[in-house]
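Protein chains: 6
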Amino acid sequence: MNRNPDSSASASYPGSRSSAGHQAPEDQSERHMRGLANLARVDGHGGAEVLAAVEAVSPDLARYLVEFAFGDVYARPGLSLRDREIAALTALAAQSAWPQFKVHVRAALRAGLTRNEIIELVIQAAVYCGFPTALNALFATGDVFAAMEEE
Amino acid sequence: MNRNPDSSASASYPGSRSSAGHQAPEDQSERHMRGLANLARVDGHGGAEVLAAVEAVSPDLARYLVEFAFGDVYARPGLSLRDREIAALTALAAQSAWPQFKVHVRAALRAGLTRNEIIELVIQAAVYCGFPTALNALFATGDVFAAMEEE
Amino acid sequence: MNRNPDSSASASYPGSRSSAGHQAPEDQSERHMRGLANLARVDGHGGAEVLAAVEAVSPDLARYLVEFAFGDVYARPGLSLRDREIAALTALAAQSAWPQFKVHVRAALRAGLTRNEIIELVIQAAVYCGFPTALNALFATGDVFAAMEEE
Amino acid sequence: MNRNPDSSASASYPGSRSSAGHQAPEDQSERHMRGLANLARVDGHGGAEVLAAVEAVSPDLARYLVEFAFGDVYARPGLSLRDREIAALTALAAQSAWPQFKVHVRAALRAGLTRNEIIELVIQAAVYCGFPTALNALFATGDVFAAMEEE
Amino acid sequence: MNRNPDSSASASYPGSRSSAGHQAPEDQSERHMRGLANLARVDGHGGAEVLAAVEAVSPDLARYLVEFAFGDVYARPGLSLRDREIAALTALAAQSAWPQFKVHVRAALRAGLTRNEIIELVIQAAVYCGFPTALNALFATGDVFAAMEEE
Amino acid sequence: MNRNPDSSASASYPGSRSSAGHQAPEDQSERHMRGLANLARVDGHGGAEVLAAVEAVSPDLARYLVEFAFGDVYARPGLSLRDREIAALTALAAQSAWPQFKVHVRAALRAGLTRNEIIELVIQAAVYCGFPTALNALFATGDVFAAMEEE
């Protein structure tokens with residue numbers, strides 16, 4: 001039985017590395033370009049705003065966000081963007097990271113989740129994280145929906 | 001603009017309640033039966049084991065698990081079971097709830113996630129929760145895959 | 001020795017279920033009515049405000065809050081409301097859920113805890129959760145006391 | 001309106017300090033003796049075991065546990081020991097600190113909470129912290145009850 | 001091999017207690033004076049502000065902050081103040097305790113950490129706690145740096 | 001006033017990128033080699049063991065650990081390895097990530113922290129994270145010291 005489930009997926013894209021050690025070389029600028037593209041695809045205009053805010057204090061942390069989070073992880077083909085945003089919203093709610101949660105409510109809508117599905121994720125958080133977390137996630141979600149009405 | 005996104009979904013199943021206050025009455029045994037059915041559908045044999053372990057200490061907490069978590073929330077049609085398990089695994093990893101995480105690795109596979117997709121969720125946890133959480137989630141995942149080989 | 005400590009308490013109220021499987025049927029509206037009554041008893045005017053805020057985004061999550069949290073759990077006779085609010089304040093501080101913590105400072109006072117006892121809980125949080133959490137809980141408590149002076 | 005709720009309670013025991021700055025001097029050995037006495041009163045034999053385990057690695061951390069946690073905070077008269085253990089169990093469950101949670105299940109019983117009341121606190125944790133935390137707290141509680149049967 | 005690593009350090013300052021049980025007596029006012037001195041040394045003007053805010057609601061919690069946190073722990077010679085602030089910033093970021101994190105950005109600068117070193121700690125938090133925590137820590141850091149520009 | 005504190009440090013090593021956008025290209029194998037070297041330097045034999053355990057389930061997560069955590073972040077010159085391990089231990093204790101905490105007790109000793117300094121960090125965790133976390137960190141530390149005696 002194959003116990004390395006991602007080896008099949010890992011061979012097929014730039015920067016991947018099979019379990020046997022073969023590595024496809026690429027330079028940093030490819031990772032950076034891919035990262036910027038994914039950041040725009042995922043977060044739209046909001047992503048550029050976050051990046052600018054991070055760069056203002058630490059250009060290097062901004063670079064890691066672009067290259068590792070978006071150039072490496074979000075670029076991986078083994079999970080759809082829609083699935084990734086389900087996980088992102090849940091992780092952010094579980095950690096009460098409300099600024100990022102709000103950014104990802106918008107990213108989730110861009111990725112194809114409906115408003116109703118986002119609410120369903122919040123309702124499920126009541127079971128997995130408790131009602132306080134779920135309520136705060138719901139209020140953050142409502143804030144984003146309301147702001148979108150104003151735009 | 002409609003700001004009650006779940007009102008359309010809420011009218012269509014037993015126990016739902018529209019925003020106007022209309023409520024479909026049902027007694028506890030319907031919720032209970034639906035919950036037991038969902039528990040079996042989601043967690044398979046593992047769910048019955050967890051339920052027995054909970055009942056041994058608190059029959060009432062077991063009942064709430066069946067009726068609220070599985071009879072109410074997991075029964076909701078607005079989010080697929082596969083999507084629910086993506087969220088479940090992520091919430092459990094974020095809280096380091098490893099016993100439940102392991103149960104839900106199996107539930108996720110039953111719900112249609114592949115082993116590779118589960119690994120992808122763990123990799124994404126490195127971005128959202130940090131490498132320590134991701135590593136512990138990965139080890140728990142590997143433990144389940146190994147145990148499944150033995151079965 | 002009896003290892004099901006709540007079986008004796010569980011037989012005595014609507015919706016309870018003994019360990020032998022006997023279940024007292026009730027329909028959803030009883031749970032809902034009981035929940036609304038408990039929400040008012042526990043949170044007073046603040047509870048209605050929270051409920052309205054939740055309903056504005058998700059009528060179903062509001063219903064679960066009323067029916068499960070207040071209709072089922074808060075209705076249980078095995079623990080006094082005063083004891084429940086000691087636990088509620090502590091759980092909310094431990095999770096840094098400050099909006100809900102503030103609502104429950106008022107609920108705790110309604111339940112019979114004195115202002116001094118609430119402060120004692122916050123002081124004890126310095127031991128169990130650390131000084132940062134205790135300080136933030138203290139500031140939230142002070143905010144509520146100050147707001148009450150204005151009313 | 002008096003906004004220093006603990007000033008009245010603070011004047012009445014050794015080491016207290018009123019808001020006006022008057023301080024009742026005591027030396028370290030009084031705090032230490034009081035702490036050891038409270039540790040025995042609260043945790044019984046289990047407390048001595050924990051203290052020995054801590055002293056084996058850090059005599060100073062053991063001293064702070066005795067003097068600050070038990071000599072100062074647990075000695076405060078403004079909250080009963082039973083109330084303190086309700087808060088302790090909840091804080092420990094919220095943080096998934098299972099070794100300490102198990103010690104405090106025994107402390108809670110010594111403080112006058114019944115087994116059923118402890119189970120009620122765990123059930124309420126399902127609302128405030130989510131079902132995963134509540135289940136893990138329930139299993140820890142069941143482990144302690146089972147161990148007590150063996151003694 | 002000596003398994004009590006702090007016994008050598010513990011004998012050398014007031015209030016210390018060797019593993020053999022010998023204890024140097026001191027009264028509360030020495031701990032209090034030492035605590036106030038350390039609070040000023042560590043947090044400067046910000047510390048006095050925090051203390052006043054705490055005293056306004058609980059003079060006793062303020063006293064414990066001064067006497068235990070600063071009079072006992074921060075006074076210990078076994079770790080430099082600079083090292084303590086590295087740990088303080090990290091613990092506060094990990095718990096998302098942003099008000100205290102901001103106070104300690106200033107304390108860290110006073111303790112000899114450079115702005116760049118504080119940013120490095122935040123970047124490392126992306127690895128250990130995830131990017132959401134790191135971003136929120138970065139924004140809090142940037143807020144403090146900006147406020148310092150205004151002073 | 002320069003508000004980009006890491007720009008000066010960022011220009012001086014491979015892969016860095018100044019705030020003006022200039023980027024020094026390197027391919028993946030340089031990051032990978034640097035990461036393996038740092039992993040060995042930081043974690044010694046324990047690091048190779050962890051890496052192998054991660055690779056057994058996800059070669060890609062292992063690669064990110066090596067390349068991002070150790071090749072990028074740990075390679076940064078702006079903070080010493082000793083300082084990094086102070087932060088690592090604290091972050092791991094704050095998250096109760098005990099397997100990784102134990103690995104980093106050894107890494108901290110390799111980085112120049114003494115056993116006594118590690119104990120001091122644990123004692124300080126009692127202030128910042130509460131006594132439960134500090135006790136669990138202390139027991140984990142004691143376990144590592146004891147295991148080292150056996151080697």
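Residue numbers (UniProt numbering), protein chains in the order written: chain A, 1 to 151; chain B, 1 to 151; chain C, 1 to 151; chain D, 1 to 151; chain E, 1 to 151; chain F, 1 to 151.
Heads up, the beta-carbon is just placed ideally off N, CA and C, and yes, glycines get one too.
Where residue i falls, given that 16 or more other Cβ within 10 Å makes a residue buried
{"i": "E/S96", "result": "buried"}
{"i": "A/H104", "result": "buried"}
{"i": "D/A125", "result": "buried"}
{"i": "F/E49", "result": "exposed"}
{"i": "A/E149", "result": "exposed"}
{"i": "A/S58", "result": "buried"}
{"i": "F/H45", "result": "exposed"}
{"i": "E/A87", "result": "buried"}
{"i": "C/E151", "result": "exposed"}
{"i": "B/P132", "result": "buried"}
Whole-angstrom C-beta distance between residue j and residue i, which should lie under 8 angstroms
{"i": "B/V127", "j": "A/A111", "result": "Rounded, the Cβ-Cβ distance is 16 angstroms, inconsistent with contact."}
{"i": "B/A134", "j": "B/V122", "result": "6 angstroms"}
{"i": "D/L51", "j": "D/L61", "result": "The pair is not a contact, with the Cβ atoms about 10 angstroms apart (cut-off 8 angstroms)."}
{"i": "D/R82", "j": "D/L113", "result": "6 angstroms"}
{"i": "C/A140", "j": "D/A94", "result": "Between D/A94 and C/A140 the Cβ distance is about 16 angstroms, and since that is not below 8 angstroms, they are no contact."}
{"i": "D/T90", "j": "C/A91", "result": "5 angstroms"}
{"i": "B/D72", "j": "B/R31", "result": "7 angstroms"}
{"i": "C/E55", "j": "C/G35", "result": "That pair is no contact at about 13 angstroms."}
{"i": "C/E117", "j": "D/L39", "result": "Actually they are not in contact, since the Cβ atoms of C/E117 and D/L39 sit about 23 angstroms apart, beyond 8 angstroms."}
{"i": "F/R106", "j": "F/V144", "result": "6 angstroms"}
Residue-chain proximity (residue i, chain E), Cβ-Cβ < 8 angstroms
{"i": "A/V57", "result": "yes"}
Residue i at chain A interface by Cβ criterion, 8 angstroms
{"i": "C/V54", "result": "yes"}
{"i": "F/H22", "result": "Confidence at F/H22 is low in this model, with a pLDDT of 42, below 50, so its placement is unreliable and no value can be given for it."}
For residue i, the three-state DSSP class (helix, strand or coil)
{"i": "A/P77", "result": "coil"}
{"i": "B/E30", "result": "helix"}
{"i": "F/E67", "result": "helix"}
{"i": "A/T114", "result": "coil"}
{"i": "C/A56", "result": "coil"}
{"i": "C/A140", "result": "helix"}
{"i": "B/A126", "result": "helix"}
{"i": "A/Q100", "result": "helix"}
{"i": "A/E151", "result": "coil"}
Cutoff 8 angstroms: residue i Cβ touching any chain D Cβ
{"i": "E/D6", "result": "Since pLDDT at E/D6 reaches only 43, below the 50 mark, its modelled position is unreliable, and no value is offered."}
8 angstroms Cβ cutoff, residue i in contact with chain B
{"i": "A/D143", "result": "no"}
Query raised in the report: Quick one, which residues of the UniProt domain "Carboxymuconolactone decarboxylase-like" (59-141) of chain F are near chain D if we go by CB-CB under 8 angstroms, in chain order?
Result: S96, I119, V122, I123, A126, G130, F131, P132, T133, A134, L135, N136, L138, F139 and T141
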